[in-house]
Amino acid sequence: PDSYLRGLEGLSLDPPYVGSCGEALDRGEPVVVPDVRADERFAPAWRGLLTAHGLRAIRSIPVFGSGGAVLASFAVYRREPG
Numbered sequence: 001p002d003s004y005l006r007g008l009e010g011l012s013l014d015p016p017y018v019g020s021c022g023e024a025l026d027r028g029e030p031v032v033v034p035d036v037r038a039d040e041r042f043a044p045a046w047r048g049l050l051t052a053h054g055l056r057a058i059r060s061i062p063v064f065g066s067g068g069a070v071l072a073s074f075a076v077y078r079r080e081p082g
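Every letter in the sequence shown is one number past the one before it in the numbering used here, and letter 19, counting from 1, is 19.
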């Protein structure tokens, strides 16, 4: 939703991490978060944004370029913890 996308503006993905996407970018490996409410990697603003939109679990996967550099991360969300 537009409200979720607007809420992302200004949130940093740099360490200390505010979520799984920044960590996946930095580590270059998938990051699984079974429950955003119980995960300390999420800053309060980020946690509030996710839960306000009914998102509870995330799997963030790094996307690599042909040279092996991490270019982006791809996130899959679930509405239930797990």
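Cβ coordinates follow ideal geometry from the N, Cα and C atoms, glycine included.
All of these numbers come straight from a predicted model, not from anything done at the bench.
Look at R78 here: in three-state DSSP terms it is strand. R79 is the residue among C21, R79, S60 and G22 whose C-alpha sits nearest the C-alpha of G54. The beta carbon of S60 sits closer than 6 angstroms to those of S20, C21, A24, V31, S73 and A75, all from its chain and outside the five residues before and after it, given in chain order. R56 and V36 do touch by the CB rule: their CB atoms are close to 6 angstroms apart, below 8 angstroms. Judged by DSSP in its simplified three-state form, R27 adopts helix.
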